[in-house]
Each structure stands twice: as C-alpha cells, then as structure tokens.
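Participant: Sequence order for the protein chains is A and B. So for the first sequence, my numbering puts the first residue at 117; every next one is plus one. So for the second sequence, my numbering puts the first residue at 2; every next one is plus one. In this text, a Cβ means the ideal position worked out from N, Cα and C, and glycines have one as well. Quick one: the structure is below, and I'll ask about it shortly.
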Amino acid sequence: MNLALLLLSSNRLVHLSGVDIVIIIFYFALVLGIGFYLKEQANTGEDFFMAGREMTAWVAGLAFLSANLGSLELMGWAGNSYKYGILAAHWYWIGAIPSMLFLALVMMPFYYVCKTHSVPGYLKLRFGKGAQGISSISFAFMTVLMSGINMYAMAVVMKVVLGWNIHFSIIVSSLTVAAYVALGGLRSAIFNEVLQFFLIWAGALLIPILGLIEAGGWSGLQAKILQNLTELNVPNPGSYTHLWSTLGHFSANPMGINWAGIVFGLGAVIAMGYWTTDFLVVQRVLSAKDLRSAELAPIIGAAFKMMVPLIVILPGLLGLALLRDPQTGGLIRLVPANLAWSDAGQAQGLHGYDEVLPLMLARYCGPGLLGLGITALIAGFMSGMAGNVSAFTTVLVYDIYGTLINKEASDDTKVKLGRRWTVWGVLISIGTAYLAARAPSIMDYVQALFSFFIAPLFGTVLLGMLWKRATPAGGWSGLLAGTLSSIGMYTWVKLDSNAVRYVALSMDAQDQAQNMFRALWCCLICVIVTVVVSLLTQPKPDSELKDVVYGLTPIPKVEHVSMFHRPIFWGVVVAIVFVILQIIFW
Amino acid sequence: MKSGSHLSIWFFTGLCLGVVGALIFATGIYEIMNPPANKVVLYDLHANVWWGAILLVSGLFFGIHFSPANERKRMAGKS
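Following this line, the structure appears as structure tokens:
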C-alpha cells in the first residue's frame with residue numbers, strides 16, 4: 117500500500133458529527149479512568165498478571181470471548197462472509213463451540229489445579245524447560261508482532277473509514293493501551309474487554325436488525341443474494357447461504373473446501389489448538405476465582421460466541437444482497453484489499469471486502485449511532501492489543517525471565533518488570549506497526565507463522581494432559597517436528613503451487629482451506645512423533661506428574677450445587693443449541 | 002467482578018451504556034425536530050431514538066443496581 121497516498125487521500129467512508137466525537141472521547145477518558153482506578157489493586161504478581169484470580173465466571177467468560185473479538189476479527193470475518201458466504205460462520209460454530217466446551221470440561225481442571233501462570237508454564241511442569249522454552253519464546257515473539265500489525269491495520273482502517281492520520285491513530289491508541297495495562301495489569305485489560313463486549317453488541321446489533329427489515333427477512337435476503345450473484349455470473353450462487361449442504365465437493369462452494377477440512381482441520385485441530393492452548397485467551401479463564409467459575413467461563417463464552425455471527429456474518433451477507441451504487445443503482449462488488457487500497461483502486465473508488473461492516477454501518481447509522489459503532493471498532497482494536505500485551509508480559513516475566521534468567525526474582529521485582537515490559541511491549545508493537553507499513557505482505561506471513569505453532573502445540577498439550585506415558589523428550593521432539601512440518605508444507609506450496617493438490621487434497625483449495633489441511637497434517641505428525649519418541653524413552657515417575665496428568669490429578673468435586681449451577685448442564689445446553697443451528701442453516 | 006469496597010465492572014458498564022445511550026437518544030430527538038438533509042437508509046424508523054433509549058435504560062439498570070451504595074448494602078448484608 118502506498119502510505120503517502122493514504123496520508124494525502126481525502127476519500128473516506130463516513131463523516132463524524134460532533135456527538136460522534138464526544139462519544140469517542142468519552143470512551144478514551146473512561147478506559148484511562150478505569151486504569152488509574154485499578155492501579156491500587158495491582159500490587160502483587162497474582163494481582164498484576166492473574167487479576168488476583170478473583171474473577172467471576174461471567175467476567176472471565178466475557179473477557180475470554182472478547183480477547184478474540186477484536187475489530188480486525190469483526191471486520192475481517194464480515195469481509196470473509198461477503199467473500200465466502202455463510203461458510204464463514206463455521207469459524208464461529210464448529211470452529212469454536214466444541215473446542216470451548218472441551219477446554220471447559222476436559223482441560224481446564226488440569227490448567228487450574230496445577231496453578232500455572234501460563235500455557236508455557238504448564239509445559240514446563242509436564243515436559244520440562246525444553247518445551248517451555250520453545251513455546252514461550254515463540255509465543256512472546258509472535259504476540260508482540262501481531263499486536264503491532266493489528267495496530268497498523270487499525271490505523272489503516274481509521275484512515276480509510278474516517279480519513280484519520282495513520283500516525284495519530286497509532287500513537288493515541290497505543291499510549292492509551294500502555295497506560296491502562298501498565299497501571300492495572302490483567303485486571304484492567306479484563307475490565308476493558310468486558311466494556312468492549314457491550315460496546316460491540318450495542319454498536320453492531322442494529323445492522324442485522326435494520327438489514328433484515330430492509331431485505332425482507334431471511335428468505336428475502338436469500339432471494340436477493342441469489343439474484344445478485346446470478347446477475348454477476350458468480351459460480352454456485354446458491355451455496356452462499358448454506359452451511360453444510362455444499363461441502364460434499366471442493367468445487368461446489370466458494371471456499372474450495374470439503375466437509376473433512378472443516379470438521380477435522382478446523383474443528384478438531386485449528387480451533388482446538390487456538391481455544392485451548394493460545395495463552396492470550398486461556399489467561400482470561402485462569403483469572404477465575406475457583407474451578408467451577410473457570411469451567412463455566414468458557415461455556416458462557418461459547419454461548420455468546422454462537423450469537424456473534426449475527427453481528428459479523430449477517431452484515432457480510434447483507435452487503436451481498438443490498439449494497440448498490442446510490443447514483444447508478446448498479447450492484448457494488450467489493451474486491452480484495454490489496455486491489456481496493458492500491459493507487460488504482462483508490463482512484464476508482466473501489467472498496468475492499470473488509471470494508472463491508474463500515475459500509476453497512478454508514479448505511480443505517482446516523483449521528484450518535486455512527487460514533488457508537490466507530491467507538492466499538494476502536495475498543496475492539498485496543499482491547500485486542502491490550503490482550504496481546506498483557507499475555508506477552510506474563511510469559512516474558514514468568515516463563516523467560518523467571519525461569520531462564522533470574523529464578524530467584526521477588527514478587528515485587530516481577531510486578532515492576534511487568535509494568536516496564538508492558539510499556540516496552542507497546543513500544544515494540546509500534547515498531548512492528550511501522551515495519552508492517554513498509555511491507556504490507558508481512559501480515560500474511562506472520563499469520564502463517566502463528567499457525568505454525570498453535571496446531572502442533574495442541575497435540576503436545578493434549579497428549580501431556582491425557583497420556584501419562586508421554587515423556588519430556590517425546591513432547592519436545594513432537595512439538596518441534598509438528599512445527600517444522602507445518603513450515604515445510606507452507607514453503608512447499610509457496611515454491612510450487614501444484615503442491616496444493618497434495619497438501620490440501622485439491623487444486624480448488626483457497627487460502628483458508630490450505631490452512632485447515634496444513635494444521636491437520638502437522639498436528640498428526642506432532643502426535644505420531646510424540647508417541648513414538650515417548651515409547652522409546654524413559655517416562656517421568658508418577659510422583660512428578662501429580663496435578664498435571666489425567667489419572668494422577670485429584671479433581672475437586674462440585675458438591676451441594678444445584679443442577680443449574682453445574683458446568684456440565686450448561687455445556688450440554690450449549691451443545692444442543694449448536695446442533696440445532698447447524699440443522700437450521702444446513 | 003467486585004471485592005470489598007471496590008467498584009464493580011458492571012457499574013462501569015452501566016456508566017458507559019447510560020452516557021452513550023443518553024447522547025444517542027438526545028440526538029435522535031433533535032433529528033426528529035430538525036430532519037437532516039442527507040438521511041440514512043430506513044431513517045423513518047428513527048433507530049437512534051429507540052436504540053438510544055434501550056441503551057439508556059440498560060445503563061441505568063446496571064449503574065443503579067451495581068452502584069457503590071447498593072454494593073455497600075449487599076456487603077453489609079453478607080457480613
């Protein structure tokens with residue numbers, strides 16, 4: 117992208133009024149005020165890094181969900197639903213709900229009982245410092261890099277949507293995040309994530325409500341999409357509103373994927389890896405006040421996650437059905453971001469897929485509502501960045517500094533380091549934001565790098581929790597083999613595009629489909645190598661595996677609690693609703 | 002989340018929704034009296050009036066129910 121052109125461009129999707137600006141300023145003042153208010157409650161390591169482990173199930177659950185509900189996620193998946201149709205909802209349903217329930221009911225007891233501060237911390241207890249080292253260093257590196265790239269993406273969006281200066285957006289948002297996280301630690305980040313959750317729903321829910329009124333309900337929306345895509349000669353126009361019925365063959369749907377890729381690649385590996393081992397989200401649940409709250413938190417998160425397609429996927433579909441040029445009345449066809457934001461694209465007034473949510477916001481929201489919508493987007497960006505920075509700081513202080521550099525560090529030293537490294541984390545993020553500005557394609561590579569570590573990590577953690585025969589050598593070598601095989605497959609496809617037919621089983625496979633299959637294979641390789649090496653090496657004695665492995669961990673029983681307060685009851689309810697949704701949108 | 006004399010996250014949520022809701026509701030009423038030249042799609046539904054009112058009422062509920070005074074009463078009741 118040409119930065120100079122963006123800075124000089126006067127094109128913008130929306131114009132804010134005075135009341136919109138007041139709402140945005142009020143939000144910034146409120147989050148800073150919360151940071152200052154919470155400073156006095158962040159005096160110990162447990163306070164600063166784990167929010168005192170006193171969060172209720174509702175707060176931990178909403179923060180768990182919000183840490184993933186950044187604006188890049190909202191706008192990106194709204195854009196994906198415009199591009200791929202309702203298939204994008206798989207990332208919110210089968211790509212989230214089963215894994216959240218699995219985290220709550222199977223894995224959380226182990227995380228919670230062993231009192232670890234982080235996922236790499238669990239790996240240290242289970243497999244030793246080797247697995248912890250590779251996991252913590254890669255996580256810290258990738259987290260701070262993603263934070264900066266997200267920040268740059270936010271600044272670009274604010275430029276395109278509002279015409280704001282890129283440097284202004286980066287500096288104001290990063291300084292605000294640095295202030296409230298350094299002051300209040302994880303508690304401050306969680307408070308703002310809960311606030312962001314409500315802002316996002318308040319700001320985005322009007323779009324599907326008004327959109328469905330305009331389209332004539334769900335059946336009217338389906339008919340309009342079919343009519344528009346037929347008019348544009350798009351292949352398989354009927355497949356854009358069906359969730360499963362078009363997944364029999366790679367070429368029958370716009371994503372170029374089949375049911376096996378969705379079920380096994382997305383549902384069983386990528387989603388399981390992300391929702392159960394990515395410390396960014398798991399950290400929120402670890403802050404719960406007791407085990408029952410820690411188990412309920414992901415279930416509450418899952419219940420709300422099932423509803424997110426209403427404010428993300430539906431606006432993308434409404435864009436397919438309703439967006440027309442106000443002058444000519446012709447259909448507006450959104451294009452890939454690199455084309456829309458290129459010099460030529462800007463000159464022609466093209467819009468990228470990711471702009472569908474702001475376009476729909478501008479369509480229905482006048483003064484005040486527009487300010488709320490933009491505030492929700494800003495809150496999402498800042499909350500996502502705060503989540504990255506707080507997780508980065510915890511892993512850096514506990515798993516790198518406290519384990520590899522100074523094992524005797526006092527609690528007070530850790531808190532001081534936490535505050536200092538929060539500021540450094542933000543400063544490094546600003547650096548990576550400008551790195552991304554110079555090389556826009558870096559974001560694609562970093563997202564790929566991120567996936568290299570998550571899918572095999574799930575195999576390692578799962579075997580570590582459920583199979584006591586897994587050895588430190590097995591865990592370490594499996595994690596390494598899985599990661600290297602994922603990098604190898606990615607490089608193979610980059611060097612030879614024909615390799616897609618082997619990696620993703622079809623030449624029709626688009627980027628998302630390739631990610632699914634690559635994750636599936638590298639997780640399987642991780643599991644196979646871990647099992648083989650473990651069987652050839654000496655296992656740890658049972659006494660060293662207490663509280664970290666199934667069968668050797670006494671799980672506290674939930675007694676004297678009614679059925680309605682039991683995690684398993686609500687887990688079953690969420691699972692039933694999940695199945696019903698799949699059938700309705702089949 | 003709340004402990005001892007600390008303000009609850011729900012109180013801050015109520016404050017945020019209440020203030021934003023009041024601003025949107027007031028803007029909606031102003032727009033009815035002074036219709037804008039460039040109207041959004043479905044302007045006639047006056048979404049900012051009823052949506053602002055919903056947010057304002059939600060904010061008042063959270064703000065009052067989890068206000069410091071009510072929190073103190075609850076804590077006193079427990080002890």
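(1) Does any residue of chain B bring its CB to less than 8 Å from the CB of T330(A)?
(2) Just to confirm, are I63(B) and G22(B) a CB contact at a threshold of 8 Å?
(3) Just checking: is the beta-carbon of Q157(A) within a distance shorter than 8 Å of some beta-carbon in chain B?
(4) Please name the residues in the region 38–53 of chain B whose beta-carbon is closer than 8 Å to at least one beta-carbon of chain A, in chain order.
(5) Check A460(A) in the structure and name its three-state DSSP category.
(6) Should the region 374–381 of chain A be regarded as contacting the region 214–222 of chain A, the criterion being three or more beta carbon pairs within less than 8 Å?
(7) For D157(A), which option in I603(A), A298(A), A331(A) has the closest C-alpha, if you only look at C-alpha atoms?
(8) Between G78(B) and chain A, is there a C-beta pair that is closer than 8 Å?
(9) I'd like to check one pair, E411(A) with M224(A): are the Cβ atoms closer than 8 Å?
(10) State the start and end residues of the unbroken alpha helix (DSSP H) segment that holds A449(A).
(11) Tell me the residue span of the alpha helix (DSSP H) that contains M216(A).
(12) Quick check: the region 467–477 of chain A against the region 133–148 of chain A, are at least 3 beta-carbon pairs closer than 8 Å?
(13) Quick check on this structure: which residue in A502(A), G575(A), W583(A) has the alpha carbon closest to the alpha carbon of L543(A)?
(14) Out of curiosity, what's the CA-to-CA distance linking G364(A) and P431(A)?
(15) Take every Cβ of the region 613–622 of chain A, pair it with every Cβ of the region 259–275 of chain A, and state whether three or more of those distances are shorter than 8 Å.
(16) Where does the unbroken alpha helix (DSSP H) through D136(A) begin, and where does it stop?
(17) Using CA atoms only, rank isn't needed, just tell me which of V41(B), F67(B), I10(B) is closest to L326(A).
(18) If I711(A) and A418(A) are in contact, beta carbons under 8 Å, what's the gap, nearest whole angstrom?
(19) Do L337(A) and L433(A) have their C-beta atoms within less than 8 Å of each other?
(20) Please go through the region 449–514 of chain A and give each complete alpha helix (DSSP H) segment of 4 or more residues, from N-terminal end onward.
(21) Cα separation between R303(A) and M371(A)?
(22) Mind pulling the chain A residues with CB within less than 7 Å of V20(B)?
(23) Could you check how far apart the C-beta atoms of C642(A) and P572(A) are, in whole angstroms? I think they sit under 8 Å.
(24) Is there a Cβ of chain A sitting closer than 8 Å to that of E32(B), yes or no?
(25) Can you tell me whether E32(B) is buried or exposed? The criterion is at least 16 other CB atoms within 10 Å of its CB, across all chains shown.
(26) For L582(A), which option in V665(A), A384(A), S593(A) has the closest C-alpha, if you only look at C-alpha atoms?
(27) Skipping 5 residues on each side, what residues in its chain have a beta carbon closer than 7 Å to that of M166(A)?
(28) Residues of the region 477–507 of chain A with a CB closer than 9 Å to any CB of chain B: list them in chain order, please.
(29) Are G60(B) and G29(B) close, meaning C-beta to C-beta below 8 Å?
(30) Apart from the five residues on each side of it in sequence, which residues of its chain come closer than 7 Å, Cβ to Cβ, to D663(A)?
(31) Is Y228(A) close to chain B? Criterion is C-beta to C-beta, closer than 8 Å.
(32) Cutting at 8 Å between CB atoms, please list the residues of its own chain near G5(B), excluding the five before and the five after it.
(33) Considering only residues of the same chain and omitting the five flanking positions on each side of M2(B), which have a CB-CB separation below 7 Å?
(34) Note down, in chain order, each residue of its chain lying with its Cβ closer than 8 Å to the Cβ of N118(A), except the 5 sequence neighbours on either side.
(35) Using a Cβ-Cβ distance cut-off of 8 Å, determine whether S4(B) contacts chain A.
(36) Please look up how many angstroms separate the CB atoms of V649(A) and S593(A), rounded, as I've assumed it's under 8 Å.
Facilitator: In terms of the structure at hand:
(1) Note on residue identity: the sequence assigns Glu, not Thr, to residue 330(A). Taking Cβ atoms only, chain B reaches closer than 8 Å to E330(A), which makes this a yes.
(2) First, the residue type needs correcting, since residue 63(B) is Phe and not Ile in the sequence shown. Their beta carbons are not under 8 Å apart, which means F63(B) does not touch G22(B) by this criterion.
(3) Yes, contact with chain B.
(4) Listed in sequence order: K40, V41, V42, L43, Y44, L46, A48, N49, W52, G53.
(5) In the structure shown, A460(A) falls within a helical segment according to DSSP collapsed to helix, strand and coil.
(6) no
(7) The sequence as given places Gln at residue 157(A); Asp does not occur at that position. Check the Cα spacing between Q157(A) and each of I603(A), A298(A), A331(A): the tightest is with A298(A).
(8) no
(9) yes
(10) Checking the displayed sequence, the identity of residue 449(A) turns out to be Arg instead of Ala. Counting along the chain, R449(A) falls outside any alpha helix (DSSP H), and DSSP gives it neither H nor E.
(11) 213–218
(12) no
(13) A502(A)
(14) Using only the alpha carbons, I get a separation of about 26 Å.
(15) Segments in contact, no.
(16) 134–154
(17) The candidate whose alpha carbon is nearest that of L326(A) is V41(B).
(18) The shown model of chain A, from 117 to 702, leaves out residue 711(A), and the question about it has no answer.
(19) yes
(20) 453–456, 459–464, 472–480, 485–510
(21) The alpha-carbon atoms of R303(A) and M371(A) are separated by roughly 40 Å.
(22) For a Cβ distance threshold of 7 Å, residue set F142 of chain A lies close to V20(B), ordered along the chain.
(23) Contact flag correct, Cβ pair sits at about 4 Å.
(24) yes
(25) By the neighbour-count definition (other C-beta atoms within 10 Å, threshold 16), E32(B) is a buried residue.
(26) V665(A)
(27) H233, L302, L402, S403
(28) A478, R479, Y480, C481, G482, P483, G484, L485, L486, G487, L488, T491
(29) Taking the C-beta atoms as reference points, G29(B) is found no nearer than 8 Å to G60(B).
(30) V229, C230, T669
(31) no
(32) Note on G5(B): pLDDT 42, under 50, position unreliable in the model; no value is reported.
(33) Per-residue confidence for M2(B) stands at a pLDDT of 49, beneath the threshold of 50, marking its modelled position as unreliable; no derived number is given.
(34) The predicted model places N118(A) with a pLDDT of 38, which falls under 50 and marks its position as unreliable; any figure quoted below should be read in that light. Closer than 8 Å at Cβ, skipping near neighbours: S458, D459.
(35) Confidence at S4(B) is low in this model, with a pLDDT of 43, below 50, so the placement of that residue is unreliable and no value is reported for it.
(36) 5 Å
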